[in-house]
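K.L.:
One structure, pasted below without further comment.
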Amino acid sequence: MQVEALINVIVERVKHIKGVKAIVLGGSYASNTQRPDSDIDIGLYYGSDQLLDIKAVRAVAQELNDFPDPTVTALGGWGTWVNGGAWLTIQGQRVDFLYRDLNFVTTTIDDCLHGKVISDYWQQPAYGFHNFMYCTETAICKPLYDPEYIIETLKTRINPYPLLLQKAIIKNFLWSVRFTLENMYKPAKRGEVYMVVGGLARAVHCLVQVLYALNKVYYLSEKRLAADVAAFAIKPDNFVECITVLLGKIGTTGEQLQASIAAVEELYAQVDQLGSDVLNQVADTNH
1 MQVEALINVI
11 VERVKHIKGV
21 KAIVLGGSYA
31 SNTQRPDSDI
41 DIGLYYGSDQ
51 LLDIKAVRAV
61 AQELNDFPDP
71 TVTALGGWGT
81 WVNGGAWLTI
91 QGQRVDFLYR
101 DLNFVTTTID
111 DCLHGKVISD
121 YWQQPAYGFH
131 NFMYCTETAI
141 CKPLYDPEYI
151 IETLKTRINP
161 YPLLLQKAII
171 KNFLWSVRFT
181 LENMYKPAKR
191 GEVYMVVGGL
201 ARAVHCLVQV
211 LYALNKVYYL
221 SEKRLAADVA
231 AFAIKPDNFV
241 ECITVLLGKI
251 GTTGEQLQAS
261 IAAVEELYAQ
271 VDQLGSDVLN
281 QVADTNH
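Counting with the working numbering, you get residues 1 to 287 for the letters of the sequence shown.
Written out as structure tokens, the structure is:
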């Protein structure tokens, strides 16, 4: 069965489940960046006034899945931000259901519009879940069932890219890079690989967040990094190539670790300057 036909079958079965207010296609299939091994991500949106009927979700999952006993979680089974869902294989195609609480999504988007950034580093590998990723999901998703135009309304709220969110991401994540690097020098001298590798990977991730904000592009996941950055107008030269080489050989000796810190410091200086330029332009525009 073709992907489009499979999605239609899923929607017809899922939209009748009690509590479902909207269904969307998310992930790579929504953004047309899928690969042959990509999962189909189906978002199930429900309201706090009528929670999703998980027993019914499980029944549909068991009916559609190629194998018995598919993984189907309770609401919140995968944590605050990812929430929960199901892992299925339908006619040989991997399909993920993802639960989304509409009230929580709406409140989170409100926070983002007001420049409030929250990061949950335990929630999702490799670098956690940032609250503005709900904006990304909303921006790229394709409504499959939205009788009350809930998703379409949310889409209008996050377009154009919010100025307060841009400023908050730039400031917060640049500060995080600076703070992280300051705490890496002593461990590097002592040859503490575990500490330095983790710190530098986190610092690079923070620089990545700044670049997305500078270019007013919503960040979704590490999978899209190379393609996204290639299209950015505002970025250091050869950024992806630099971090690939850097993270691939951070080192094991004190000397090597300190050299890697210096390399990240150089990238930080470039991104910090780009951030200052954009923030100054924003300030001038507001005067």
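In this text, a Cβ means the ideal position worked out from N, Cα and C, and glycines have one as well.
Where does Ser119 sit, in a helix, a strand or coil, going by DSSP?
P.N.:
Position 119 of the sequence shown, counting from 1, holds the residue named residue 119. Note: Ser119 maps to strand in three-state DSSP.
K.L.:
Which residues bound the beta strand (DSSP E) around Pro187?
P.N.:
One-based indexing of the sequence shown puts residue 187 at position 187. Here Pro187 belongs to no beta strand (DSSP E); instead the alpha helix (DSSP H) covers Tyr185 to Lys189.
K.L.:
Are the CB atoms of Gly19 and Asp53 nearer to each other than 7 Å?
P.N.:
Locating residue 19 in the sequence shown gives position 19, counting from the first residue. Locating residue 53 in the sequence shown gives position 53, counting from the first residue. A contact, by the Cβ cut-off of 7 Å.
K.L.:
Identify, in the order they occur along the chain, each residue of the same chain with its Cβ nearer than 6 Å to the Cβ of Gly128, setting aside the five sequence neighbours on each side.
P.N.:
Along the sequence shown, read from residue 1 onward, the residue named residue 128 stands at position 128. Hits under 6 Å: Ser119, Asp120 and Tyr121.
K.L.:
Quick check on Val245: buried or exposed, where buried means 16 or more other Cβ atoms within 10 Å of its Cβ?
P.N.:
Taking the first residue of the sequence shown as position 1, residue 245 is located at position 245. Burial call: exposed.
K.L.:
Which whole-angstrom value describes the C-beta separation of Ala188 and Ile261, a residue pair presumed to lie in contact below a C-beta threshold of 8 Å?
P.N.:
In the sequence shown, residue 188 corresponds to position 188, counting from 1. In the sequence shown, residue 261 corresponds to position 261, counting from 1. Contact flag correct, Cβ pair sits at about 6 Å.
K.L.:
Please list the terminal residues of the continuous alpha helix (DSSP H) segment that includes Tyr134.
P.N.:
Locating residue 134 in the sequence shown gives position 134, where the first residue counts as 1. First-last of the alpha helix (DSSP H) with Tyr134: Met133 to Ile140.
K.L.:
Since Arg58 sits in a beta bridge, which residues does DSSP pair it with?
P.N.:
What you label residue 58 is simply residue 58 of the sequence shown in a count that begins at 1. Bridge partners of Arg58: none, in fact.
K.L.:
Assess, as a yes-or-no matter, whether the region 139 to 146 is touched by the region 96 to 113 under the definition of 3 or more beta carbon pairs within less than 8 Å.
P.N.:
At 8 Å Cβ cutoff, the stretches do not touch.
K.L.:
Exposed or buried, what is Trp81 when buried is set at 16 or more other beta-carbons lying within 10 Å of its beta-carbon?
P.N.:
Walking along the sequence shown from the start, residue 81 turns up at place 81. It counts as buried.
K.L.:
Is the CB-CB distance between Asp363 and Asp96 below 7 Å?
P.N.:
Outside the displayed span of the chain (1 to 287) sits residue 363, for which this structure offers no information.
K.L.:
Compute the beta-carbon to beta-carbon distance between Met133 and Tyr29, rounded to the nearest angstrom, for a pair I have assumed lies under 8 Å.
P.N.:
Residue numbering aside, residue 133 sits at position 133 when the sequence shown is read from its first letter. Residue numbering aside, residue 29 sits at position 29 when the sequence shown is read from its first letter. With 8 Å as the limit, Met133 and Tyr29 do not qualify as a contact, their Cβ atoms being about 17 Å apart.
K.L.:
Nearest-angstrom Cα distance between Leu181 and Asp272?
P.N.:
One-based indexing of the sequence shown puts residue 181 at position 181. One-based indexing of the sequence shown puts residue 272 at position 272. Roughly 14 Å separates the two Cα atoms.
K.L.:
For Gly76, is the classification buried or exposed, using 16 other Cβ atoms within 10 angstroms of its Cβ as the cut-off for buried?
P.N.:
One-based indexing of the sequence shown puts residue 76 at position 76. Flag for Gly76 reads exposed.
K.L.:
For Trp87 and chain C, any beta-carbon pair shorter than 7 Å?
P.N.:
Going by chain labels, chain C is absent from the structure shown, which holds only one protein chain.
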